[in-house]
Amino acid sequence: MPKKTNGEHKQAEQELRLLYQAIAASSNGIVISDPNQPDNPLIYVNRSFELMTGYSTEELLGHNCRFLQGSDGDQPVLEEVRAAIREERDCVVLLRNYHKDGTLFWNELRLSPVHDDHGQLINFIGVQNDVTRRKQAEEALQRAHDELEDKVRQRTARLAESNARLQQEIAERRELEEQLMHQAFHDPLTGLTNRTLFLDRLDLALARTEWREGKVAVLFMDLDNFKVINDSLGHEAGDQVLLAVAERLEESMGAEGTVARFGGDEFTVLLEDVASVSGAVRVAERIQEAMRAPFYLEGRARFITTSIGIVLSTSGDEPPEVLLRYADTAMYQAKAVGRARHAVFDPSMTIAALERLELESDLRRALEREEFRVHYQPKVALGSGEVVALEALLRWEHPERGLVLPDEFVTIAEETDLIVPIGRWVLEEACRQTRLWQDRSPGRSALKTCVNLSARQFQHHALVEEVAAILRETGLDPASLDLEITESVVMDDAPSTLAKLQKLKDLGVNLTIDDFGTGYSSLSYLRRFPVDFLKIDRSMIQGLGEDPKNEAIVSAVVNLAHALGERVVAEGVETEKQLACLREIGCDFAQGYYFARPLPSEEAGLLVDSDLNRNTSSPPPDPAGKRPT
Ligand code: C2E
Ligand code: MG
Ligand code: MG
């Protein structure tokens, strides 16, 4: 290198001074270390570095810069500083340093090696800056960023969670809606289509007939005597029957039609594309066939029949409700003519249905309007010819129709349960009247009254108590009361039937099986039931004296009853011939127009009085003059 001239030397010195002053005055902390001394001590620090660290030049010089890290000397970033020193290259690092007063500050260090003209390392210059503020700002920013990110994350999680909840709610709601839809259109017990859905389907089916050949048929089905099952065996048994019926109905219909439960014991069937009424009739027959097998309830076989009304659409214009009403009317008709059958709707039936409705509403008021009367028909002992009892027979004095006979209203009274209060009234009236007759003539103290009980009355839970109360209130001797129960009631072999008959018997009253020969009483039942009289039905008496076979049957019944210790009453005796036959057979009592028709109480009273010494060989006078010719 050429030697410098004096002037050059001076200038260089001048420049060096300037440089030195610039370094000394720099706002950056500047330090110079000597790597050629052990542990690379500081050999220069400027004023800014003093201020930055809190240490004086004297305290700093001769030490390695590392003491500023205090106990924090294992910062990973120092590795980079060590490498830069080793490799004699620049580096920029951020160090955690401690001020003399112990406070932390962030020191941004730019380290550069200084080489001499020969490339020998002579110094390291460190330019140091307290960047604590910046670092804090960065950290605050980072924290804010992290917080924000955290919030976003939480919010996203919450959103995802509420979305999942929403999805679940939607699924649950959909399921609920489906359930509600199903409930709205199906019967809860049987699961069959309900009335609403059935009417809807019927409406659609009727609309379709516009472009289809076939017609629509509606079958309206009602179980016969379902009420009896429900009342005697309880609602659970009733439900069991309804379920079994629904099952059989569905089985027998297959995919052919829509089967619905309308409520109670009413079911309907909708058939489409029916060519003629005979097609619908065949379906009704198939259903009735399916119901023929016994239903097992509480281990016993029960037979349940059904009545079915059938209607066929004619134009397709009939509203569904009207078609249903027609089918219902036809069903009533089927019931009216004896149940367990089907009937096809015919317009004349609606009039009958209207009349029935009218009758029903009149019947509801008849009791309070005191329109009922009791007529009495004598029961005559064939041995003595004496009137031993009077059968109470209900009459309805209808304000417009005149005297209405029980056949016209007893079935409705049973179906509507009105028979219970009406029957109670008859019993009371007959007991009161008989007691009056007994009191009036001393020779008549053994006069009895026979009162009919329908199946519904017999099943009424308070029957026994009511009979006892009425006997008490009227003062009639229980032995003077004879309760007539139809054969069909006794046919029910339920233990409860037997128990009830026994309770009645225990009151001291007599029991008669009425209309014997119309049902199918098993002879073994007769033996078990505590009855006193068997009343042979009029239909068996009518043919007496005409055909020897009738005599043989009646004779067999009389012998059987006698063998069982029961006495026999013949009802509906109209002719002398019939009477003669009955005497010959050995029948005990008789009733019928031959002796007298049922009479109002005053006339019956006269008959009782005049009968005191009468002989049956010549029939008693008929005070009402109503004896048939
Ligand atoms: P039932 O108990 O078998 O009564 C006999 C029926 O035959 C009576 O009809 C009677 O008038 C009629 N009769 C009597 N003798 C002759 C005769 O020689 N020839 C003909 N052709 N008929 C005769 P009624 O009064 O119309 O009663 C019909 C049925 O109504 C009764 O049959 C009975 O089952 C029921 N009934 C009548 N009154 C009551 C009542 O107060 N309560 C209940 N539950 N049912 C009653
Ligand atoms: Mg009777
Ligand atoms: Mg009878």
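For any residue, its number in the working numbering is found by taking its place in the sequence shown, counting from 1, and adding 3.
All C-beta atoms, glycine included, are put in the ideal place defined by N, C-alpha and C.
Inset, instruction - Could you tell me if His-378 is buried or exposed, where buried requires 16 or more neighbouring beta carbons within 10 angstroms of its beta carbon? - result: Of the other Cβ atoms in all chains shown, 16 or more fall within 10 Å of the Cβ of His-378; this residue is therefore buried.
Inset, instruction - Output the distance between the C-alpha atoms of Glu-150 and Arg-161, rounded to the nearest integer angstrom. - result: Rounded to whole angstroms, Glu-150 and Arg-161 show a C-alpha spacing of 16 Å.
Inset, instruction - Whole angstroms is fine: what's the gap from Gln-17's alpha carbon to Val-48's? - result: Going from the Cα of Gln-17 to the Cα of Val-48 covers about 21 Å.
Inset, instruction - Please state if the CB of Leu-450 and the CB of Val-429 are separated by a distance shorter than 9 Å. - result: No, Cβ-Cβ distance for Val-429 and Leu-450 is not below 9 Å.
Legend entry - Option in Ser-115, Leu-98 and Pro-116 with minimal Cα separation from Phe-108: Among Ser-115, Leu-98 and Pro-116, the Cα nearest to that of Phe-108 belongs to Leu-98.
Inset, instruction - State buried or exposed for Ala-25, treating a residue as buried only when at least 16 other CB atoms are found within 10 Å of its CB. - result: Classification for Ala-25: exposed.
Inset, instruction - Return the chain-ordered list of same chain residues with a C-beta closer than 7 Å to the C-beta of His-102, the five sequence neighbours on each side being excluded. - result: Within the same chain, His-102 has close Cβ partners Thr-56, Gly-57 and Phe-108.
Inset, instruction - Kindly identify the DSSP beta-bridge partner or partners of Gly-129. - result: Its beta-bridge partners are Val-34 and Leu-114.
Legend entry - Around ligand 2, Cβ to any heavy atom closer than 5 Å, ordered along the chain: Chain-ordered list of matching residues: Asn-455, Glu-487 and Asp-517.
Legend entry - Neighbour-count burial assignment, Asp-410, 16 or more Cβ in a 10 Å radius: Exposed, since its Cβ has fewer than 16 Cβ neighbours within 10 Å.
Inset, instruction - In the DSSP assignment, find the beta strand (DSSP E) that holds Arg-67 and state where it starts and stops. - result: It should be pointed out that residue 67 corresponds to Asn in this sequence rather than to Arg. For Asn-67, there is no enclosing beta strand (DSSP E), as DSSP marks it with neither H nor E.
Legend entry - ligand 1 heavy atom lying under 8 Å from the CB of Gln-594: At a threshold of 8 Å, Gln-594 counts as near ligand 1, since its beta carbon sits closer than that to one of the ligand's heavy atoms.
Legend entry - Three-state secondary structure assigned by DSSP to Pro-297: If DSSP states are grouped into helix, strand and coil, Pro-297 belongs with coil.
Inset, instruction - Quick one: using the 10 Å Cβ neighbour count with 16 as the cut-off for buried, is Asn-616 buried or exposed? - result: Confidence at Asn-616 is low in this model, with a pLDDT of 48, below 50, so its placement is unreliable and the value that follows should be read with caution. Asn-616 is classed as exposed because its beta carbon has fewer than 16 other beta carbons within 10 Å across all chains shown.
Inset, instruction - Please state whether DSSP places Val-534 in a helix, a strand or coil. - result: If DSSP states are grouped into helix, strand and coil, Val-534 belongs with coil.
Legend entry - Nonlocal neighbours in the same chain, by C-beta distance under 7 Å from Asp-540, ignoring five residues either side: Within the same chain, Cβ atoms closer than 7 Å to the Cβ of Asp-540 are found at Asp-518, Phe-519, Gly-520, Thr-521 and Glu-574, the five residues on either side in sequence being excluded.
Inset, instruction - State buried or exposed for Ala-564, treating a residue as buried only when at least 16 other CB atoms are found within 10 Å of its CB. - result: Result: buried.
Legend entry - Buried/exposed call for Thr-106, threshold 16 Cβ in 10 Å: Exposed.
Inset, instruction - Return the CA-CA distance between Ala-356 and Leu-385, expressed in angstroms with no decimal places. - result: Cα to Cα, the separation comes out at about 44 Å.
Inset, instruction - Examine ligand 1 and report whether any of its heavy atoms sits within less than 8 Å of the Cβ of Asp-396. - result: Strictly speaking, residue 396 in this sequence is Leu, with Asp absent from that position. Leu-396 has its CB nearer than 8 Å to a heavy atom of ligand 1.
Legend entry - Buried/exposed call for Glu-417, threshold 16 Cβ in 10 Å: Its Cβ being crowded by 16 or more others within 10 Å, Glu-417 is buried.
Inset, instruction - Using only the heavy atoms of ligand 1, determine whether one of them is closer than 8 Å to the beta carbon of Lys-552. - result: Lys-552: no, Cβ never under 8 Å from ligand 1.
Legend entry - Counterpart residues of Trp-399 in DSSP-defined beta bridges: According to the DSSP secondary-structure assignment, Trp-399 is paired through a beta bridge with Phe-375 and Val-407.
Inset, instruction - With DSSP collapsed to three states, give me the class of Val-284. - result: Helix at Val-284.
Legend entry - Three-state secondary structure (DSSP) of Asp-612: It is helical.
Inset, instruction - Rounded to whole angstroms, what's the CA-CA distance from Leu-501 to Cys-453? Just pull it up for me. - result: Take the alpha-carbon of Leu-501 and the one of Cys-453: they are about 20 Å apart.
Legend entry - Between the CA atoms of Glu-487 and Ile-544 - distance to the nearest angstrom: Roughly 18 Å separates the two Cα atoms.
Inset, instruction - Confirm, please, whether the CB-CB distance from Val-284 to Trp-313 is below 9 Å. - result: Residue 313 is actually Ile in this sequence, not Trp. Cβ distance < 9 Å, so Ile-313 and Val-284 count as in contact.
Legend entry - Straight-line Cα distance separating Thr-489 from Leu-456: Rounded to the nearest angstrom, the two C-alpha atoms are 8 Å apart.
Inset, instruction - Indicate the three-state DSSP secondary structure (helix, strand or coil) for Arg-342 in the structure shown. - result: Note: Arg-342 maps to coil in three-state DSSP.
Legend entry - Ser-457 CB to nearest heavy atom of ligand 1 below 8 Å: Answer for Ser-457: yes, Cβ within range of ligand 1.
Legend entry - Of the listed residues Met-224, Asp-535, Ala-333 and Val-277, nearest to Thr-633 (C-alpha basis): Given a span of 4 to 632 for the chain in the structure shown, any question on residue 633 remains unanswerable.
Legend entry - Where the alpha helix (DSSP H) containing Asn-9 begins and where it ends: For Asn-9, the uninterrupted alpha helix (DSSP H) run begins and ends at 9-28, by DSSP.
Inset, instruction - Report yes if the CB atom of Val-231 is closer than 9 Å to the CB atom of Arg-459, and no otherwise. - result: Taking 9 Å as the cut-off, the beta carbon of Val-231 is found closer than this to the beta carbon of Arg-459.
Inset, instruction - Report, in whole angstroms, the separation of the C-beta atoms of Leu-209 and Ser-316, which I expect to be a contact under 8 Å. - result: With a Cβ gap of about 6 Å, Leu-209 and Ser-316 count as contacting.
Legend entry - Under the three-state DSSP convention, the category Trp-428 falls into: Looking at Trp-428 - three-state DSSP - the assignment turns out to be helix.
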